[in-house]
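So for the sequence shown, numbering that gives the first Met the number 0 puts the first residue at 0; every next one is plus one. C-beta: ideal position from N, C-alpha, C; glycine also. Presented below is the structure to which this report refers.
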Amino acid sequence: MFLRHLLALSLLLPASVAGQSKYTVTPRGVDLVELSSSSAIALNWTGGNTTRIQQADDAHTGQPRVLNSIAWRRNGTAATATAWTPTLDIYLGHTDINTFSTTFSNNYKTTPTLLFRGSQKLDWTSPSSLPVGLWSDATFSFTSPFLYNGTDALLWETQTTSTATTSSGYSLDWSATAPTTRSSLIPQVLGTGCTTGNGVMGLATSFTVDSTPNYTSKWDVTATASNAPVSLYLGFANPNFPLLCGRLHTTAAIAAPLGAANAAGDATLALNSGWLSSMTGIALHAQALAIDSSAPGGGYLSNGIFLCLPKAIGGEAFKVKRVYSTTSSTAATATAAVTSSCQPTQLR
0 MFLRHLLALS LLLPASVAGQ SKYTVTPRGV DLVELSSSSA IALNWTGGNT
50 TRIQQADDAH TGQPRVLNSI AWRRNGTAAT ATAWTPTLDI YLGHTDINTF
100 STTFSNNYKT TPTLLFRGSQ KLDWTSPSSL PVGLWSDATF SFTSPFLYNG
150 TDALLWETQT TSTATTSSGY SLDWSATAPT TRSSLIPQVL GTGCTTGNGV
200 MGLATSFTVD STPNYTSKWD VTATASNAPV SLYLGFANPN FPLLCGRLHT
250 TAAIAAPLGA ANAAGDATLA LNSGWLSSMT GIALHAQALA IDSSAPGGGY
300 LSNGIFLCLP KAIGGEAFKV KRVYSTTSST AATATAAVTS SCQPTQLR
């Protein structure tokens, strides 16, 4: 009876617009993973020339965003470096990933937007405290917001006009080979779960697609009532409606049982399925429910989760493409072929 009431109520409620969260542009799932190589082209190219880079990623279809800054991280294994003040222009725009080429001007579908122009001091005299660099190592705030349309591939460009004054330092983390899986954007947490005898009920997830392609997702419920039966609900909108001791954050179109929680109130569910092109970019709202007759209302809700399903990898992992010139910041063509290796980037 309780579950039927929950489903009926959720389907009648209007959807609210989900908020935005930070996300990593390329590649997915590397926030705490040191990649295979490093590159100084963007900030401190030691060849004595100015440089130009373009990097595109089509993994954000269906996810329009307002962006206010761009960040890169230092190579986690690099030695410390004296303070350095690069001078550069940063552009954002939209591109067709299928026609992306070594001719810089042809890669923009519309006029690019200049979002940063000038110099910014970077000080890496202290070693990183983590196995990988921090996004705060090199963060550049935009002079105005940029609206990513969620339809085309997202393209960022740097034109660095300062030349290196030292032979080392200010190398950014870089992937020499494209990863073999793609994760969804960092899931956004919606609201707070109910308080139980084990703490605050939580829900977390990871979602990837591989080159087969197959979807793999893992759902973790924590701190619900001991031994309570738990179910996961997936829907396509966020009603954000008060229910039980929390708020309802899913329309509950799909239900999946996790079984009974353990004594600590934890339960886990792994889901695997084949990939369908029609699933790309679908926005999901998820929430867990634990049934407990001793709880007010008869159950507990977790926090909600919002995420979008990633694209399949296909022939190129992540559909990341990158070109660069190490001869001039105004070069018309790249000095190397289009590659799927990439520079980890975070936009907010």
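In its chain, beyond the 5 residues on either side, Leu42, Ala82, Trp83, Thr84, Pro85, Asp136, Ala137, Tyr169 have a beta carbon closer than 8 Å to the beta carbon of Leu121. Leaving aside the five residues that flank Tyr214 on each side, the residues in its chain whose CB is nearer than 8 Å to its CB run, in chain order, Phe206, Thr207, Val208, Leu270, Asn271, Ser272, Gly273, Trp274, Met278, Leu308.
Following the DSSP letters along the chain, one finds Phe145 inside the beta strand (DSSP E) bounded by residues 137-147. Boundaries for Leu34: no beta strand (DSSP E) harbours it, and the DSSP string shows neither H nor E there. Your pair Val319 and Asp151 does not check out as a contact, with CB atoms roughly 15 Å apart and the cut at 8 Å.
Residue ranges of uninterrupted beta strand (DSSP E) with 3 or more members, entirely inside the stretch 74-125 and ordered along the chain, are 86-94, 112-118.
For Gly273, the enclosing beta strand (DSSP E) begins and ends at 266-273.
Counting only the Cα atoms, Thr124 lies some 45 Å from His248. Cys307 is bridged by DSSP to Ala282. One Cα belongs to Thr160, the other to Ala336, and the distance between them is close to 22 Å. Just so you know, the alpha carbons of Ile96 and Ala259 end up roughly 45 Å apart.
Across the structure, Ile40 and Gln187 are spaced so that their CA atoms are roughly 33 Å apart. According to the DSSP assignment, Leu346 belongs to the beta strand (DSSP E) that extends over 344-346. Residues of the same chain with a CB within less than 8 Å of the CB of Ser68, apart from the 5 flanking positions on each side, are Thr138, Phe139, Ser140, Phe141, Leu346, Arg347 in chain order. Classified as exposed, Pro126 has fewer than 16 neighbouring CB atoms from the shown chains inside 10 Å of its CB. Put simply, the backbone Cα of Ile304 is about 23 Å away from that of Thr344.
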